[in-house]
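Notes for the one structure printed next.
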Amino acid sequence: MAEIARSTDTSFTLFIDGMIKSMRLVGLNIVNNKLSAQETSSALSELLAIYPIDNAVFADPSGTIVAATDSHLVGQSLAKHPAFSAIIAGNESKGIEPVERVVSPVGFHIAKAIRDSSGTIQGIVSCYVDITRLGSALPIRTTAGATNIVDSNGTLVFQSEFQKLVLTDPFWGKYGFVKTALSGKNAVSTDFVFPATGRVRIIAEVPISEFGWAAGSSVDAAQVLDPIRRDIINSALVATAILIIALIVSILIVRRVISSLSYLAERARAVGEGHFDEPVLIATGDEIEDVAHSLDEARLNLKQAVENLSESNKRIQLLLQSTDEGIYGVDTKEHCTFINKAASEMLGYKPEEILGENVHELIHNKHSDGSPYPEAECPIYRAYQTGQGVRIDTEVFWRNDGTLFPVEYSSYPIIEEGVIEGAVVTFTDITERKQAQELSDALNSINAAITSTLDFNEIMQIVVIEASKAIGCETAGITLYEDGNWVARYIYGFPEEKLGSRYTNEEVPHAVLAARTRKPVIVNDAFNDSRVNREVQKSLGIRSVMVIPLMARKEGIGALFFNYRTSIHTFTDAQVDFANKLGPSISLSLENARLYRAEQNIANTLQEALLSIPQRVGGIEFGHLYRSATEAAIVGGDFYDLFELEQGRVGTVIGDVSGKGIGAASLTALVRNTLRAYALEGHSPALVMAKTNDAVAGASSPKSPFITVFFGILDVETGHLTYCSAGHPPALIKRRTGKAELLVTNSPFIGAFVGLSYIDDEITLDKGDSLILYTDGVIEARCDGEFFGEERLVRFIEELGPVSARDLPQAVFNEIMGCTHGKLSDDLAILSVGLEASKR
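Numbers in the working numbering are just positions in the sequence shown, counted from 1, shifted up by 23.
Right, here's the structure in full:
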């Protein structure tokens, strides 16, 4: 009974596993090919033709049904279904829920998450199993009695003899033997009153440990016990008859009785040894014939039971051998008790080479690094020591030839009558899954590296080295298409002398094909493929090659080759996917590098114009300095200017337009040129600033940048300085006495609103004094977490000692770099002006 119950457990578990595998294949087809809702419904319908399913649906990761074989289900949510909740929580083995009776037909849901290579859920396939049709899918049959399946809530799901019983009296959780099985232990009952017949049955129930259900087998007690009772009665009659015969034997028929009894003993011995074909026949017309008839009935019953068990075992073996998962069993000493075809092939052993052997010592005795893996630490060993199942995907198995492969395996204990007898192990080779994850991580790393630089050569070097290591090829190279030839410019694994090698289109037709189609070209056998020049490939010793086109502005500029030389290599789906994704990434980075170079040329020209001042201005000496915070942002909004005005006056300007790049530089040029134009008309600094503000505000968008400007007019004869500061950091006067003064008079910044008022202020420079103008990059430089600040700047100027106006900018910059440990947080500009020694 227990054996048939366990067969029912195995049969149902394999049915569910097979169904989940089919759901996964359909789900991957939907996700990978991005099927429409109609195409998805059609794909789901394939499941209905194979399994006893009422409906199948496809839901998004939130649980909302987006396609279904029953259109009325679209838009509904699976979120509250236990099967859905379990797989979202990461418990893939629990993607099944108890029976639901509030809908018709009565059944239960099975759900399977469809994940991408990173493990992220892309969708959920869920099927509703109709339990009234479940019997057709389960191979377990028994002529004497019935099998049953009970869900985790104690509801009867299947009963082979009375399949409609599940609809009339579904709750079996009230029975003690069911409660015991659902708790994880085997159970037997000899006084179970079967609800369909009211007769007593003997029933065995075992747990389906995979997802917390139970399976059982039962037989009518009378059917089992009546032959025993008849045998007892017949035995008593026979004993009586023997006594009577013993009295008569000496007189009449002693030889005939002894012969009959000898025959019965011989036939009973034969039946006990399993010989069921020869009938037990004695025609004596007395009790001996009755005993013979009872023995013959027992022979037939035993023969049928053995045949049923044999057929059940055949079905189980067929299921075990037809799956692509490796399955093997071990006893408590980890000796192999059975192994299926898939496991034998993956491990490289013939079944007879592993049966009876210690499986741990053969395939699991070392970690991936070759270090010993003690049996006591093995999760498979712990499964039948603790009685708890495990699922592992971080270890390796070792093949017969000494090679290893990564596996995902589960180990669950075999429990018989409460005693752990061993474990069943299922495993899958996850080499491609691991490789796909490693290549995905490598691609992310390469993308991060090549997008962090705009240098063409650096991009190419990163790609040829890092991509080659990730894909595991032996040699690689990047050729650029130059003057009608393919020139090897970057190589990996080749001798240095291969750099600069030139190839014609006829010599590398596979590169031409890749550039024309804009897709990778895969050549697994380069010696026997018409898409390559086989002679060239042989001369280079290349057996297999994959070519990725390099594009810029939608034109092919070159190709990246991944080569295998030692032997023919079949490129995996993961490697091809890596190539398909790497090509566009390289092309995008190359295009960005090209655009950057073009922008830099424009920006450098603009920057030179914005920072261009005369080499000499009569009556003054001056110094100036500009530094960008980063090379990539060399063009900023900082600017300065010096220009001569009438009557011995000099215009002095410094400003800052927020933002970077060509846009900021263009606005900076507008401010600089507008201010100079109005200054040449002879206006005061305040009026020049007001006119510049109106012009810029009128020309700018509502989201104009923040613009600060200092403009002063210096009379080189008198040293009189009239100035207007529009929101700019206060200028400094370094007196020849060493004292520093801040020019704090200020007005609004420009460019935001038309019609603003600006004010002038005045101060006089003496011989030896210097006017120091700067942008906010000076005072906002970060010194150990603090701003450099105005106070620190004033203190430095006062402590500096005598320094000419020409050398002041460099002195200030050196102080800032020392304080910030050589790191600027923003661009900065410094302009200093002083009277020539001959003046005042």
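Note that the Cβ used here is the ideal one computed from N, Cα and C, for glycine as well.
- Query: So what's residue 679 in DSSP terms, helix, strand or just coil?
  - Reply: In the structure shown, residue 679 sits in a strand (DSSP, three-state: E or B).
- What are the boundary residues of the beta strand (DSSP E) that includes residue 414? Looking at the DSSP string, the run of the beta strand (DSSP E) that includes residue 414 is 413-421.
- Task: Report the partner residues of residue 661 according to the DSSP bridge assignment.
- Result: Its beta-bridge partners are 679.
- From 451, 400 and 355, pick the residue whose C-alpha is nearest to that of residue 442; which is it? Comparing Cα-Cα distances from residue 442 to each of 451, 400 and 355, the minimum goes to 355.
- May I ask you to report which of helix, strand or coil DSSP gives residue 491? Of the three classes helix, strand and coil, the one that applies to residue 491 here is helix, per DSSP.
- Message: Quick test of your reading: residue 701 and residue 711, contact by CB under 8 Å. State the CB separation rounded to the nearest angstrom.
- Response: Correct: roughly 4 Å between the Cβ atoms.
- Query: What's the C-alpha gap between residue 119 and residue 444?
  - Reply: Approximately 27 Å between the Cα atoms of the pair.
- Item | Beta-carbon proximity list for residue 852, same chain, < 6 Å, skipping 5 on both sides | Listed in chain order, the non-local C-beta contacts of residue 852 below 6 Å within the same chain comprise 649, 661, 663 and 798, local neighbours out to five positions each way being set aside.
- Item | Contact check, residue 688 vs residue 629, beta carbons under 8 Å | Yes.
- Message: Can you tell me where the beta strand (DSSP E) holding residue 767 begins and where it ends?
- Response: Secondary structure note for residue 767: it is in no beta strand (DSSP E), with a DSSP letter that is neither H nor E.
- Query: With 16 other CB atoms within 10 Å as the buried threshold, where does residue 357 fall?
  - Reply: By the Cβ-count criterion, residue 357 is buried, with 16 or more other Cβ atoms from all chains shown falling within 10 Å of its own Cβ.
- Message: To the nearest angstrom, how far is the alpha carbon of residue 214 from that of residue 78?
- Response: Distance between the alpha carbons of residue 214 and residue 78: 39 Å.
- Message: Does the distance between the C-beta of residue 749 and the nearest non-hydrogen atom of the ligand GDP fall short of 7 Å?
- Response: The ligand content of the structure shown is nil, which means the ligand GDP is not present either.
- Message: For residue 146 and residue 473, I'd like the C-alpha separation in whole angstroms.
- Response: Looking at the backbone, the Cα of residue 146 and that of residue 473 are separated by about 32 Å.
- residue 637, buried or exposed, once every other Cβ within 10 Å from all chains shown has been counted against 16: Flag for residue 637 reads exposed.
- Query: Mind pulling the beta strand (DSSP E) runs of 3 or more residues that sit fully within the stretch 501-569?
  - Reply: Complete beta strand (DSSP E) runs here, min 3: 508-515 and 544-546.
- Flag this pair as yes or no: are the beta carbons of residue 137 and residue 122 separated by less than 8 Å? No, they are not a contact pair.
- Message: Looking at the secondary structure, which residues open and close the beta strand (DSSP E) in which residue 145 lies?
- Response: Boundaries of the beta strand (DSSP E) harbouring residue 145: 144-153, taken from the DSSP string.
- What residue ranges within the stretch 740-808 form continuous alpha helix (DSSP H) runs of no fewer than 4 residues, ordered along the chain? Runs found: 799-802.
- Query: How close, in whole Å, do the beta carbons of residue 864 and residue 614 come, if the pair is a contact with beta carbons under 8 Å?
  - Reply: A query on residue 864 cannot be resolved here, the shown segment of the chain reaching from 24 to 863 and no further.
- Item | Buried or exposed by the 16-neighbour rule on C-beta atoms within 10 Å, applied to residue 216 | When all chains shown are included, residue 216 counts as exposed.
- Item | Candidates 802, 411, 454 and 418, of which the one nearest residue 438 by Cα | When each option's Cα is compared against that of residue 438, the closest is 411.
- Message: Relative to the C-alpha of residue 703, which candidate in 645, 667, 857 and 559 has its C-alpha closest?
- Response: The option with the nearest alpha carbon to residue 703 is 667.
- Message: In the DSSP assignment, the alpha helix (DSSP H) including residue 77 goes from what residue to what residue?
- Response: Per DSSP, residue 77 belongs to no alpha helix (DSSP H); it is in the beta strand (DSSP E), 76-82.
- Message: Just list the residues that DSSP pairs residue 644 with in beta bridges.
- Response: According to DSSP, which records beta bridges pairwise, residue 644 is partnered with 857.
- Query: Rounded C-beta distance between residue 771 and residue 646? I'm assuming under 8 Å.
  - Reply: With a contact defined as Cβ atoms closer than 8 Å, residue 771 and residue 646 miss out at about 29 Å.
- When the Cα atoms are used, what is the spatial distance from residue 842 to residue 748? Approximately 28 Å between the Cα atoms of the pair.
- In chain order, each beta strand (DSSP E) run of at least 3 residues that lies wholly inside the stretch 204-245: Within the stretch 204-245, the complete beta strand (DSSP E) runs of at least 3 residues are 210-216, 223-231 and 236-243.
- Could you tell me which residues DSSP puts in a beta bridge with residue 119? For residue 119, which the question treats as bridged, DSSP gives the partners 133.
- Item | Exposure label - residue 32; buried when at least 16 CB within 10 Å | Result: buried.
- Message: Taking a contact to mean a Cβ-Cβ separation below 8 Å, would you say residue 757 touches residue 677 in this structure?
- Response: No, the Cβ-Cβ distance between residue 757 and residue 677 is not below 8 Å.
- Query: Is it buried or exposed for residue 209, if we count other Cβ within 10 angstroms and need 16 for buried?
  - Reply: Label assigned to residue 209: buried.
- Would a C-beta distance cut-off of 8 Å place residue 543 and residue 606 closer than the cut-off? Yes. Within cutoff.
- So, are the CB atoms of residue 60 and residue 89 less than 8 Å apart? Yes, they are a contact pair.
- Message: Taking a contact to mean a Cβ-Cβ separation below 8 Å, would you say residue 420 touches residue 370 in this structure?
- Response: The answer is yes: Cβ separation under 8 Å.
- What is the DSSP secondary structure of residue 685, counted as helix, strand or coil? When DSSP states are grouped into helix, strand and coil, residue 685 belongs to the helix group.
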